[in-house]
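Engineer: Going down the list, the protein sequences come from chains A and B.
Mind the numbering: the first sequence is residues 42 to 153 in this note's numbering, read in order.
Mind the numbering: the second sequence is residues 99 to 214 in this note's numbering, read in order.
Glycine residues also receive a C-beta, built at the ideal position from the N, C-alpha and C atoms.
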Amino acid sequence: AQKVTQAQTEISVVEKEDVTLDCVYETRDTTYYLFWYKQPPSGELVFLIRRNSFDEQNEISGRYSWNFQKSTSSFNFTITASQVVDSAVYFCALSDGWKLTFGTGTRLTIIP
Amino acid sequence: DGGITQSPKYLFRKEGQNVTLSCEQNLNHDAMYWYRQDPGQGLRLIYYSQIVNDFQKGDIAEGYSVSREKKESFPLTVTSAQKNPTAFYLCASSTIAGGQGSDTQYFGPGTRLTVL
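#1: Please state if the CB of TYR74/A and the CB of ASN93/A are separated by a distance shorter than 9 Å.
#2: If you drop the 5 nearest sequence neighbours on each side, which residues of the same chain put their C-beta closer than 6 Å to that of ASN108/A?
#3: Going along the region 138-160 of chain B in order, which residues come within less than 9 Å of chain A, judged by CB to CB distance?
#4: Determine the closest residue to LYS112/B out of GLN104/B, PHE172/B and LYS181/B, with distance taken between C-alpha atoms.
#5: Please determine if the region 196-211 of chain B and the region 148-165 of chain B are in contact, where contact requires at least 3 C-beta pairs separated by less than 8 Å.
#6: Below 8 Å on the Cβ atoms is my guess for GLY208/B versus GLU85/A; work out the distance and round it to an integer in Å.
#7: Quick check: the Cα distance between GLN148/B and ILE152/A, rounded to an integer number of angstroms?
#8: By the DSSP assignment, the beta strand (DSSP E) with THR102/A in it spans what residues?
#9: Within 9 Å (strictly less), CB to CB, does SER200/B reach chain A?
#10: From the beta carbon of PHE109/A, is the nearest beta carbon of chain B less than 9 Å away?
#11: Could you give the DSSP three-state label for ASP137/A: helix, strand or coil?
#12: In angstroms with no decimal places, state the Cα-to-Cα distance between ARG91/A and PHE76/A.
#13: For GLY140/B, count neighbouring Cβ atoms within 10 angstroms of its own Cβ and tell me buried if that reaches 16, exposed if not.
#14: Near LEU188/B, what residues of its chain come up, given a Cβ to Cβ distance below 7 Å and the 5 sequence neighbours on each side ignored?
#15: In terms of residue numbering, what span does the beta strand (DSSP E) encompassing TYR38/A cover?
#16: Please state the DSSP three-state secondary structure of LYS155/B.
#17: Output needed in chain order: residues of the region 67-80 of chain A with a Cβ under 9 Å from some Cβ in chain B.
#18: Would you mind sorting LYS140/A into buried or exposed? The rule is 16 or more other CB atoms within 10 Å of its CB.
#19: With distances taken from CA atoms, which of SER136/A, SER112/A and ASP127/A is nearest VAL54/A?
#20: Using a Cβ cut-off of 7 Å, pull out every chain A residue sitting near GLN215/B, in sequence order please.
#21: Mind checking if ASN93/A is an interface residue toward chain B, Cβ cutoff 9 Å exclusive?
#22: What does a CB cutoff of less than 6 Å around GLN123/B pick up in its chain, not counting 5 residues either side in sequence?
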């Protein structure tokens, strides 16, 4: 069965610090897709990134970067120079056929 | 503006009543999904549909029903058989062009259901 583990339940950092959110996954599929979503207090899930299992290149988008390592089954997310607007719950997810298997999320609080 | 709308935002229900949550999308997506989120939990799939007039059960379908009469609409009914319906319900949609599991799901703003 597919599984996604986000061991960090809550993280608090002071504004402008860097922060990394961990995601570890389990799957027996050779082809799969990983996702990160942001859930601000309003509740809507906002898509951040999709990565397929054959592409291990790290990706950077502004202050956001993602480190995908198949050898350790991890897909970690780093926010550089954090801002108060980054405060949210972040979910990592793994495609499981037509559905997504979600981790339990990491609540990130940026302290001004 | 293209997107997914869910209504109502907040819904209160008395025990024993059925309620229907609305989900509409104008993204021309083929697939639609319903997820349930409980406090401190990830999302769990209730039902999904890849095409009009067809849908499949997800992991926690008991006590719920859906219909897909139009491509843009995928309403969810929470029946009285659902033992613990208080939760946050999120609807999503995606294309199916990329094949199984590859298409990004986009989410609506959610409906918070409370059973009184």
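Structural biologist: Result, derived from the coordinates:
#1: yes
#2: Answer for ASN108/A: ASN99 and ASN117, listed in chain order.
#3: GLY138, GLN139, GLY140, LEU141, ARG142, LEU143, TYR146, GLN148, GLN154, GLY156 and ASP157
#4: The candidate whose alpha carbon is nearest that of LYS112/B is LYS181/B.
#5: Touching, no.
#6: 6 Å
#7: 42 Å
#8: Reading the sequence as shown, one finds Ser at residue 102/A and not Thr. Taken as a continuous stretch (DSSP letters only), the beta strand (DSSP E) holding SER102/A covers 100-102.
#9: yes
#10: no
#11: In this structure, ASP137/A counts as strand in the three-state DSSP scheme.
#12: So the alpha carbons of these two residues sit roughly 5 Å apart.
#13: So GLY140/B counts as buried.
#14: TYR133, GLN135, LEU141, PHE205, GLY206 and GLY208
#15: Any property of residue 38/A remains undetermined from this structure, which presents chain A solely from 42 to 153.
#16: strand
#17: ASP70, THR72, TYR73, TYR74, PHE76, TYR78 and GLN80
#18: Buried is the call here.
#19: ASP127/A
#20: This structure does not reach residue 215/B, given that chain B is present from 99 up to 214, and the question cannot be answered.
#21: yes
#22: Same-chain partners within the cutoff: ILE102, GLU170 and SER191.
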